[in-house]
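Note that our numbering has the sequence shown beginning at 11, numbered continuously upward.
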Amino acid sequence: MEQFSSYIAIDPNIRFGKPCIKGTRIAVVDILQWLASGMTNAEILEDYPLLKEEHIRAALAFAANREAFIRIVAA
Numbered sequence: 011m012e013q014f015s016s017y018i019a020i021d022p023n024i025r026f027g028k029p030c031i032k033g034t035r036i037a038v039v040d041i042l043q044w045l046a047s048g049m050t051n052a053e054i055l056e057d058y059p060l061l062k063e064e065h066i067r068a069a070l071a072f073a074a075n076r077e078a079f080i081r082i083v084a085a
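Shown next, in the form of structure tokens:
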């Protein structure tokens, strides 16, 4: 499930340590918000030519992997 590791980097000096697409300042959360707002992959790629389809897939895989490790505490 770690197919995202070659595309995602975490650097405390870039975007306050948010996970970003390597070589850019585009955070995983940016991509997730664009998708959630209704943008298609094609629209994102058109607006951000540095991105490729595999970057979007890596952002989704990263988010899914991170979600799998969130601990839920019953109140």
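Cβ atoms here follow ideal geometry from the backbone N, Cα and C, with glycine treated the same way.
The model shown is predicted, which means the values in this text are computed figures rather than measured ones.
For residue 75, the enclosing alpha helix (DSSP H) starts and ends at 63–78.
Spatial neighbours of residue 24 in its own chain (CB-CB distance under 7 Å, excluding positions within 5 residues in sequence) are listed in chain order as 30, 35. Within the model, the alpha-carbon separation for residue 38 versus residue 82 is close to 22 Å. Shortest Cα-Cα distance from residue 32 to any of 74, 78, 18 involves 18. CA-CA distance, residue 42 to residue 84, rounds to 27 Å.
The three-state reading of DSSP puts residue 52 in helix, counting H, G and I together. With respect to residue 70, residue 62 sits apart: the two C-beta atoms are not nearer than 9 Å.
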